[in-house]
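Data first, discussion second: the structure below is written as structure tokens.
Residue numbers (my numbering): 460 to 1135.
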């Protein structure tokens, strides 16, 4: 389809070049991050609420993409154990928390691979690009973090001296910390990794809607609103903070929106842990921090949902636009193809509604602009023998019943034109399921001239067979008589000469007929080789060849631009007819003359004083095998038809007129003038 860009499947490069060194580096960062937050501990539970324990291991395993799972698991377990020790947990609790973190990380990876298989790191190469994917992404992390929280709680309860500290609030904090960090860290990591591993060129980082100026304004708005909300912590100003997230998500790229959520989430957690902001004003600091964690999860999911929803709508709009463009292009190509066809094309349904048509169909049916998609199509038709077809016998009705009609001849009557012979094919089309109607394709071809040519050919063959049969029968008869005389023992010389003369006469007639047939056949198919033709000189040559110098006179005729061989045939036929068609005992008198009729044509006339042509025969004498005086004069009836065909091929006209000077005929024709 026009404008379709082939989809280039990006070769997934997750983890390409990411070896054991990467895992060691992440493990070091993982442990180091715990040292930053070691002073923040919940009620002696032994874990840091700010530490990104839920996000880093999951992103770590996704980037590694299943390479060395045993080594990665060991490194995650060791790094988590050390980090928990640094955060203040005892060895037993640190081991329990590390084991719970490893389980929740692998469970998150497995769920992402199961629920988001097309996402980068989970087996695919796509970013988080639809709200449905975001929902599955969030659900996978929530289920994994819930399982990790349950394992950590069970472990803390079973360990001596830790059960009292790890109460329901501590479990909520563990869950909130891990969910919040997983949402902002994993989402941002997937977006960045998918971008850097996808083929260039990359889409604009800020997106297609928001510009640089708007990005600066949105950033300033975020700083201002968070500064205001965390400065005036006595006022409930947390709700305007969501507006900044919505702004970024609605106007900028999903990657930029995820980065915005990451930054504001980190700032919110740090300020809340410092006792600054609306979440720190809750009576129980632990509950306040837990609310802050769920706020971070909310803005992360809200930003992703809005941004991916916008991306999905934009993708659907682009697909729709491309589909409309492709449909319009294919429609224009289809219309051009159908419109350029010389055959008439119609598509009709069982109600007779005309669904598709082309100009050729209107031309064949002789209806012009009256044919349209609002036309109720019904075509009365007759068979070649004149029998009118019933509605059920017509090709269209038969095709609508499921029958395939190919190349059937029928006659239609067109106002102002008369009868036309059409070759009709009708093909059933698939049923229109929406409207519940059957449809048929009808192809129309005007074969009026072809049918007339076939009839003419049949008549031509009949006449030729008849005209050849007569001299052949005469030859057979005379040769049989010669044989009989020879069988009787003697053949008189005078009688033999008479018999031979009769045979020669019949063979001469056959030879002339065959010559005329060949001339008739080649006069319409021979390529024209035009040049300057001196008609006066050519007439003199024809007259000399016929030894008719005393019977033909020619004046000065302007030269013409024509095929000299064919022009010679025209003049020879006309002069030969004028010499032949005279009253018995009279001599022929023929005059050939010509003049320029206008700037482009020369009019040539051949006038005789012969027997003339009856008025009702003056048009018909140019038809094949038609002879006005067939009873009294021999001939094939092809000479004048050959003359007319040659003149018409040169763009001229010819007519038979009475001799203006008295008895006889005038054959007047035109040929292109030769311009020196």
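Note that CB positions come from ideal geometry on N, CA and C, so glycine has one too.
According to the DSSP assignment, residue 1126 belongs to the beta strand (DSSP E) that extends over 1124 to 1131. CA-CA distance, residue 960 to residue 940, rounds to 13 angstroms. A distance below 7 angstroms between beta-carbons, with the five flanking residues on each side excluded, links residue 576 to the following residues of its chain, in chain order: 582, 583. The residues 1011, 1013, 1016, 1030, 1034, 1051, in chain order, have a CB closer than 8 angstroms to that of residue 998 in the same chain once the five nearest residues on each side in sequence are set aside. Boundaries of the alpha helix (DSSP H) around residue 770: 744 to 799. Taking a 10 Å sphere around the C-beta of residue 783, we find fewer than 16 other C-beta atoms and assign the residue as exposed.
In summary, residue 591 is exposed, with fewer than 16 beta-carbon neighbours lying within 10 Å of its beta-carbon over all protein chains present. Close CB contacts of residue 843 within its chain, under the 7 angstroms cut and outside five residues either way in sequence, are with 868, 870 (chain order).
Looking at 585, 614, 522, 598, the one whose alpha-carbon comes closest to that of residue 553 is 614. In the structure shown, the three-state DSSP call for residue 989 is coil.
Where residue 1062 is concerned, the enclosing beta strand (DSSP E) starts and stops at 1060 to 1067. Per the C-alpha coordinates, the member of 1067, 633, 601 positioned closest to residue 1119 is 1067.
In the structure shown, residue 1012 falls within a strand segment according to DSSP collapsed to helix, strand and coil.
A straight-line Cα-Cα distance of about 20 angstroms links residue 606 and residue 528. With a cutoff of 7 angstroms on beta-carbon distance, residue 566 and residue 603 are scored as near each other. Rounded to whole angstroms, the Cβ separation of residue 1009 and residue 1040 is 18 angstroms, and the two are not in contact under 8 angstroms. Rounded to the nearest whole angstrom, the C-alpha separation of residue 1078 and residue 1103 is 11 angstroms.
Between residue 630 and residue 612, the gap from beta carbon to beta carbon is short of 7 angstroms. DSSP places residue 857 in the uninterrupted alpha helix (DSSP H) bounded by 854 to 859.
Closest option to residue 516, judged by alpha-carbon separation, among 486, 545, 845: 486.
By the criterion of at least three beta-carbon pairs nearer than 8 angstroms, the stretch 790 to 806 is in contact with the stretch 888 to 908. In the structure shown, residue 1043 falls within a coil segment according to DSSP collapsed to helix, strand and coil. Secondary structure note for residue 1052: it is in no alpha helix (DSSP H), and the uninterrupted beta strand (DSSP E) holding it is 1049 to 1055. The Cβ atoms of residue 1026 and residue 992 lie closer than 7 angstroms to each other. The Cβ atoms of residue 610 and residue 559 lie closer than 7 angstroms to each other.
Residue 545: member of the alpha helix (DSSP H) spanning 528 to 545, first to last residue. Here residue 1072 carries a coil assignment [DSSP, helix/strand/coil]. A direct Cα-Cα distance of roughly 28 angstroms separates residue 536 from residue 722. Look at the stretch 799 to 828 and you find these whole runs of alpha helix (DSSP H), each 4 residues long or longer: 818 to 824.
Here residue 1131 is not near residue 950, since their CB atoms are 7 angstroms or more apart.
Note that the C-beta distance between residue 551 and residue 618 is below 7 angstroms. For residue 1098, the closest C-alpha among the options 1028, 1127, 491, 862 is that of 1028. Its chain contains 704, 720 as the residues whose beta carbon lies nearer than 6 angstroms to that of residue 758, once the 5 sequence neighbours on both sides are disregarded; these appear in chain order.
When DSSP states are grouped into helix, strand and coil, residue 1135 belongs to the coil group.
Nearest to residue 845 by alpha-carbon distance, out of 872, 859, 864, 855, is 872. For residue 720, the secondary structure class from DSSP, reduced to helix, strand or coil, is helix.
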